Amino acid sequence: MKTCSMEQTIGRRLYLMGFVSLVLAVAVCVFVFHRAFTMQAWRALQNESAIMAAQYSHDPQSLQAVSIDGVRITLISPDGTVLYESTDADEQTPMENHLSRPEVQQAFSTGTGQDIRDSVTTGYETYYYAVLLEDGNVLRTAQEAKSIWSLYNDALPAILVSCLVILGLGALLAAVLTRRLVQPMLNMANDLDRIQETVPYSELIPFADAIYSDRTMRESNEKLRQEFTANVSHELKTPLTSISGYAEMIETGIARPEDIASFGQKIHKEANRMIRLVNDIIQLSHLDSSGNTHDAPVMQPVDLSVLAKDCEERLKMNARRAYVTLNFRGDSVQVMGSPSLLEELCQNLCDNAIRYNQPGGRVLLETGRDQEGHPYLTVQDNGIGIPKEAQSSVFERFYRVDKSRSKATGGTGLGLAIVKQIARIHGARIHLESELGKGTTVTITFQPVKQNQ
55 MKTCSMEQTI GRRLYLMGFV SLVLAVAVCV FVFHRAFTMQ AWRALQNESA IMAAQYSHDP
115 QSLQAVSIDG VRITLISPDG TVLYESTDAD EQTPMENHLS RPEVQQAFST GTGQDIRDSV
175 TTGYETYYYA VLLEDGNVLR TAQEAKSIWS LYNDALPAIL VSCLVILGLG ALLAAVLTRR
235 LVQPMLNMAN DLDRIQETVP YSELIPFADA IYSDRTMRES NEKLRQEFTA NVSHELKTPL
295 TSISGYAEMI ETGIARPEDI ASFGQKIHKE ANRMIRLVND IIQLSHLDSS GNTHDAPVMQ
355 PVDLSVLAKD CEERLKMNAR RAYVTLNFRG DSVQVMGSPS LLEELCQNLC DNAIRYNQPG
415 GRVLLETGRD QEGHPYLTVQ DNGIGIPKEA QSSVFERFYR VDKSRSKATG GTGLGLAIVK
475 QIARIHGARI HLESELGKGT TVTITFQPVK QNQ
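So the sequence shown is residues 55 to 507, counted in the working numbering.
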């Protein structure tokens, strides 16, 4: 699609608005002036008729001596005969009977009459005004339309020149105003980092906010990508270095025969750690694309209590090995979700609670509804806890509060990041409470299932 210039578009529309306004203004002026001239013509005819009627009442012969430029005078008898006509005063040819003329009939019936029509005699549109005299005759005055429009004819060249000048100035002014209007918007692109501070018009604030947010999000995503790449490289490098070192010792014969089994066990452990890390990265990548693409998981009713009991059974052995007690309590509550993802969410929370606990500690799984009726899943432990300054970062990728403990227990640093993504996909809220040395409580609150009407 061809992109139009904003400056040209606004300029053309401003010019069109000016042209239409000029045409309308001329039309209104013509109408107003014509109406004013028409009323002035009627008043002039009335005044002239009154003067001539007064002169006629004193001296009927004085009518022939009256000569008004552009005004035609006619004296009509009660039977319609033309007694006097100023334009034919020297001619002997009698004129036709005027009794049928509308203004004459009105004058005989009401005392005055007026009409506008094309005159057969002159061929112009003529204004007629008739007044009934004391002797029973009708005095009629007429003025041709040519006299009224003569001012327009005289002023037409000046009007046309004025319109052309106004249109030219309008085009120039539209171009200048448009450039001044558009230039501040173009200047916004000069400093995208401060675009919100350089918004020239309030209507552009949402646009600037969107650009700034998009730019910030892109920079943040790029920073996260770089950090993620660096973290993955570091996490993979550590076990690979160990595997490579042990394998090289076995290959070169440096390792004693009695150490080969131990080295093999360490190689196997590091390989399993790499497998877990790669699986978590793949899972996170899949979750990043879930919820807003065709890879969105299929949602169905899931009973959180059943899911939590199954998680308790699966992790009881791990808890015993860590000398931690794992229990469940709660009510049956349903949510709409992906069973496999919710199982992983519950398992990651419980696995963290067990891993960062102490011998003799406990982990409690609980399901139920809060005061607002929202289903929730809570995992509570009395382990080492999380420092307050680190609580806002524990759900970030590869973030570890205690790196040495994570490596010792085989953690990848992605468990809670996976929990965060699964909660996002399900529209759930995460609430974390923790106190150093006393334990941690993580609550996942879900949206209630809508009942069918």
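Note that beta-carbon positions come from the ideal geometry of N, C-alpha and C, so glycine has one too.
Predicted model, so just to flag it, every value in this text is computed and none were measured.
{"Item": "Buried or exposed (CB count within 10 angstroms, at least 16 for buried), Thr306", "Value": "exposed"}
{"Item": "Three-state class that DSSP yields for Glu487 in the structure shown", "Value": "strand"}
{"Item": "Best match in Ile130, Glu157, Val352, Glu273 for proximity to Asn151 [C-alpha to C-alpha]", "Value": "Ile130"}
{"Item": "The stretch 413-425 touching the stretch 374-385, judged by at least three CB pairs closer than 8 Å", "Value": "yes"}
{"Item": "Residue span of the alpha helix (DSSP H) that contains Leu470, given as start and end", "Value": "469-479"}
{"Item": "Straight-line Cα distance separating Cys404 from Cys365", "Value": "8 Å"}
{"Item": "Contacting residues, own chain, Cβ-Cβ under 6 Å from Val253 (five flanking each side not counted)", "Value": "Ile259, Ala262"}
{"Item": "Gly439 and Lys474 closer than 8 Å at C-beta", "Value": "no"}
{"Item": "Terminal residues of the beta strand (DSSP E) in which Ile127 lies", "Value": "125-130"}
{"Item": "Boundaries (first-last residue) of the alpha helix (DSSP H) holding Met371", "Value": "358-375"}
{"Item": "Host beta strand (DSSP E) of Pro429 (start-end)", "Value": "429-435"}
{"Item": "Cα-Cα separation, Arg155 to Thr180", "Value": "13 Å"}
{"Item": "Spatial distance of Glu487 from Glu273 (CA atoms)", "Value": "31 Å"}
{"Item": "Neighbour-count burial assignment, His485, 16 or more Cβ in a 10 Å radius", "Value": "exposed"}
{"Item": "Extent of the continuous alpha helix (DSSP H) run through Thr164", "Value": "156-164"}
{"Item": "Nonlocal neighbours in the same chain, by C-beta distance under 7 Å from Ile220, ignoring five residues either side", "Value": "Leu76"}
{"Item": "Own chain partners of Tyr183 with C-beta closer than 8 Å, once the 5 adjacent residues on each side are dropped", "Value": "Trp96, Leu99, Gln100, Ser103, Glu157, Thr166, Gly167, Gln168, Arg194, Thr195, Ala196"}
{"Item": "Local Cβ density within 10 Å of Cys400, reported as buried at 16 or more and exposed below that", "Value": "buried"}
{"Item": "The ligand FMN heavy atom lying under 7 Å from the CB of Phe91", "Value": "The model depicted lacks the ligand FMN and carries no ligand whatsoever."}
{"Item": "Contacting residues, own chain, Cβ-Cβ under 7 Å from Asp144 (five flanking each side not counted)", "Value": "At Asp144, the pLDDT of 47 sits below 50, so the modelled position is not reliable; the number obtained from the coordinates is stated separately. Closer than 7 Å at the Cβ level, and outside the excluded window around Asp144, lies no residue."}
{"Item": "Three-pair Cβ contact test at 8 Å for the stretch 476-483 versus the stretch 387-398", "Value": "yes"}
{"Item": "Rounded straight-line distance, which links the Cα of Arg171 to that of Pro114", "Value": "28 Å"}
{"Item": "Ile498 to Leu361 span [Cα, whole Å]", "Value": "14 Å"}
{"Item": "Short Cβ contact (8 Å threshold) for Leu470 with Leu358", "Value": "no"}
{"Item": "Presumed contact (8 Å Cβ cut-off) between Gly72 and Ala228, rounded CB distance", "Value": "7 Å"}
{"Item": "Residue interval of the beta strand (DSSP E) (run including Ile438)", "Value": "Here Ile438 belongs to no beta strand (DSSP E), and DSSP marks it neither H nor E."}
{"Item": "Expected contact under 8 Å - CB spacing of Tyr300 and Ile329 to nearest Å", "Value": "In fact, because the Cβ distance is near 17 Å, the residues do not count as touching under 8 Å."}
{"Item": "Pair within 8 Å by beta-carbon distance, Thr128 and Val120", "Value": "no"}
{"Item": "Cβ pair Tyr110, Leu187 closer than 8 Å", "Value": "yes"}
{"Item": "DSSP-derived helix/strand/coil call for Arg234", "Value": "helix"}
{"Item": "Cβ-Cβ distance between Thr494 and Asp424 below 8 Å", "Value": "no"}
{"Item": "Anticipated Cβ contact below 8 Å, Gly384 with Asn411, distance rounded", "Value": "Contact flag wrong, Cβ pair sits at about 20 Å."}
{"Item": "Ala107 versus Val192: straight-line alpha-carbon distance, rounded", "Value": "9 Å"}
{"Item": "Residue from Pro293, Leu78, Lys370 whose Cα sits closest to the Cα of Gln319", "Value": "Pro293"}
{"Item": "Pro502 beta carbon less than 8 Å from that of Pro393", "Value": "no"}
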